[in-house]
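The structure appears below as structure tokens.
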Amino acid sequence: FKKSITEKAESMIGHPLHIGGAMTFKLFPFIGVYIENVTIGRPAGKTPPLATLKSMNVEVDLLAILRGNVVIKSLELDTPVITLKDEGNKEQNWLSKTAGQQTSDDGKKPADAGTAKKTMGTAIQGLELNNVRISNGSVAYSSPQQSVDLEKINVSVKLKGVASPLTINGDLQFSARKIEFDAELETLQTLLSTSQANVTVNVKSDLLSFSGSGNIKGMQFNGTTGLNSPSITSAAAWLTRQKSALTFAS
């Protein structure tokens, strides 16, 4: 199973995949798979790898699948480490020249964007997310102009159904300071059917707090925002501590 799963995953993501630890399956009370020591590499063995994962545990409700629904009872990612590098010469390590270029078994080209969106909308009608968690993750991005490191990332995601709110909350560390965040999306159903939805976002640290509430449509946001800080000078120094971590436009 490990070899066939690895080969299928590699063809989908366009990157080398290695499972260095155990892979176990279970059928009761839920269909589940547990995988240890996963590495998503780069072509020709370049380092560092795109991502590593200490372990992943997935449990899916079989009875829900038989009814045409997808109910994730548990999805836990332990210590995911993602390294994104922009070399500045049109080479980004997260891009693949092969992913997404495959044709179907009958030789036909993949469906266009409109058909794909419709298919995705149909597929998630019975989607439910329970106990979806990321623990102790990190993301590092670097380019010739800037670098950003997010560490100790912990995220929890909940969705009782596409007609219910999608909630995300967690915390992370940026430049040696803890940031707490939470967000709520009105419904996935509204977003997929109208390409817009109401959203609320809150981000808080000891030096800076941000809140936003309004409507998103594509890449546009219309609503109210708030920004508070006990010391703007200290907050600005913290945000720019990493190599040009954030750039402010005038």
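Numbering (our numbering), first residue to last: 1226 to 1475.
A virtual CB, placed ideally from N, CA and C, is assigned to each residue, including glycine.
Please read all numbers here as calculations on a predicted model, not as lab measurements.
Taking only three categories from DSSP, how would you classify S1229? To locate residue 1229, count along the sequence shown from 1; it is residue 4. Three-state DSSP puts S1229 in a helix.
For Q1398, the residue or residues it bridges with in DSSP: Position 173 of the sequence shown, counting from 1, holds the residue named residue 1398. For Q1398, the beta-bridge partners assigned by DSSP are E1376, K1403.
How far does the alpha helix (DSSP H) with K1414 in it extend, from its first residue to its last? Along the sequence shown, read from residue 1 onward, the residue named residue 1414 stands at position 189. A small correction: the amino acid at residue 1414 is Gln; Lys does not occupy that position in the sequence shown. Segment 1413-1419, the alpha helix (DSSP H) holding Q1414.
So L1275 and I1260 are supposed to be a Cβ contact under 8 Å. How far apart are they, rounded? Here residue 1275 refers to the residue found at position 50 when the sequence shown is read from its first residue. Here residue 1260 refers to the residue found at position 35 when the sequence shown is read from its first residue. In fact, because the Cβ distance is near 17 Å, the residues do not count as touching under 8 Å.
Please classify T1458: does DSSP put it in a helix, a strand, or coil? Locating residue 1458 in the sequence shown gives position 233, counting from the first residue. Looking at T1458 - three-state DSSP - the assignment turns out to be helix.
Determine contact between the segment 1305-1324 and the segment 1284-1292, defined as no fewer than three beta-carbon pairs at a distance below 8 Å. The segment 1305-1324 makes no contact with the segment 1284-1292, as fewer than three CB pairs between them are under 8 Å.
Whole-Å CB distance - I1244 paired with N1262, under 8 Å assumed: In the sequence shown, counting from the first residue as 1, residue 1244 sits at position 19. In the sequence shown, counting from the first residue as 1, residue 1262 sits at position 37. Indeed they touch by this definition, with Cβ atoms about 7 Å apart.
Identify whether L1452 lies in helix, strand or coil by the three-state DSSP scheme. For this step, residue 1452 is matched to residue 227 along the sequence shown. Per DSSP, reduced to three states, the secondary structure at L1452 is strand.
Cβ-based neighbour list, D1431, same chain, cut-off 7 Å, excluding 5 preceding and 5 following: Within the sequence shown, residue 1431 is the residue found at index 206, counting from 1. The residues are R1402.
Separation of T1465 from V1295, as counted between CA atoms: As a position in the sequence shown, residue 1295 is number 70, starting the count at 1. As a position in the sequence shown, residue 1465 is number 240, starting the count at 1. Distance between the alpha carbons of V1295 and T1465: 42 Å.
Could you spell out the range, first to last residue, of the alpha helix (DSSP H) harbouring A1289? By one-based count along the sequence shown, residue 1289 stands at place 64. For A1289, the enclosing alpha helix (DSSP H) has its first and last residue at 1287-1291.
DSSP-derived helix/strand/coil call for S1436: By one-based count along the sequence shown, residue 1436 stands at place 211. Strand, per DSSP.
Label T1277 either buried or exposed according to how many other C-beta atoms from any shown protein chain fall within 10 Å of its C-beta, with 16 as the threshold for buried. Here residue 1277 is taken as the residue at index 52 of the sequence shown, counted from 1. So T1277 ends up on the buried side.
Contacting residues, own chain, Cβ-Cβ under 6 Å from N1453 (five flanking each side not counted): Taking the sequence shown and counting its residues from 1, the one referred to as residue 1453 is at position 228. Contacts found: S1434.
Going along the chain, which residues of its own chain have a beta-carbon closer than 6 Å to the beta-carbon of T1425, five neighbours each way excluded? For the purposes of this step, residue 1425 is identified with residue 200 of the sequence shown, where counting begins at 1. The residues are E1409, S1438.
3-residue-minimum beta strand (DSSP E) runs that sit fully inside the segment 1234-1315, ordered along the chain: Fully enclosed beta strand (DSSP E) runs of no fewer than 3 residues occupy 1242-1244, 1248-1251, 1256-1265, 1276-1285, 1295-1310 of the segment 1234-1315, in order along the chain.
What do you reckon, is the C-beta of A1461 under 6 Å from a heavy atom of the ligand HEM? Annotation note on the ligand HEM: not contained in the displayed structure, which lists no ligands.
Here's the rule I'm using: 16 or more other beta-carbon atoms within 10 Å means buried, otherwise exposed. How should L1242 be labelled? Residue mapping note: residue 1242 aligns to position 17 of the sequence shown, counting from 1. The Cβ neighbour count for L1242, taken over all protein chains shown within 10 Å, is at least 16; the residue is labelled buried.
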